[in-house]
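Asker:
Numbering (my numbering), first residue to last: 1 to 95.
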């Protein structure tokens with residue numbers, strides 16, 4: 001049963017990689033990376049459950065936080081073309 005769940009997650013990760021390669025826009029590629037990260041998080045959690053090692057949940061939580069921050073940073077970079085202070089013409093309400 002758990003082997004089937006792991007195989008399904010790995011297949012979903014492969015589909016996300018295909019979307020990453022073939023995505024027509026940069027936003028599709030960012031979404032594919034985010035989906036891949038979510039599936040990797042699920043795979044780490046399942047692996048921790050199967051091996052009865054609860055510290056894998058801590059690793060999965062840290063991985064999720066890093067993935068979230070990276071997604072926000074990429075979206076800001078592609079919207080404003082920089083990660084530093086906003087230019088004088090930028091609308092600060094869009095941050």
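Think of the CB as a built atom: it goes at the ideal place given N, C-alpha and C, for glycine as much as any other residue.
(1) I'd like to know whether the C-beta atoms of residue 13 and residue 49 end up nearer to each other than 7 Å.
(2) DSSP state of residue 60, grouped into three classes?
(3) Ends of the alpha helix (DSSP H) at residue 13?
(4) Any idea what DSSP makes of residue 29, helix, strand or coil?
(5) Are three or more beta carbon pairs between the segment 53-62 and the segment 16-31 nearer than 8 Å?
(6) Is the distance from the Cβ of residue 32 to the Cβ of residue 7 below 7 Å?
(7) Quick check: what's the CA-CA separation for residue 30 versus residue 62?
Answerer: Once the coordinates are examined:
(1) Going by beta carbons, residue 13 and residue 49 fall outside the 7 Å limit.
(2) Helix at residue 60.
(3) From DSSP, the alpha helix (DSSP H) with residue 13 extends over 2-22.
(4) Residue 29: helix per DSSP, three-state reduction.
(5) The segment 16-31 and the segment 53-62 do not touch, with fewer than three beta-carbon pairs separated by less than 8 Å.
(6) Residue 32 is not a Cβ neighbour of residue 7, given a cutoff of 7 Å.
(7) Answer to the nearest angstrom: the Cα atoms are 20 Å apart.
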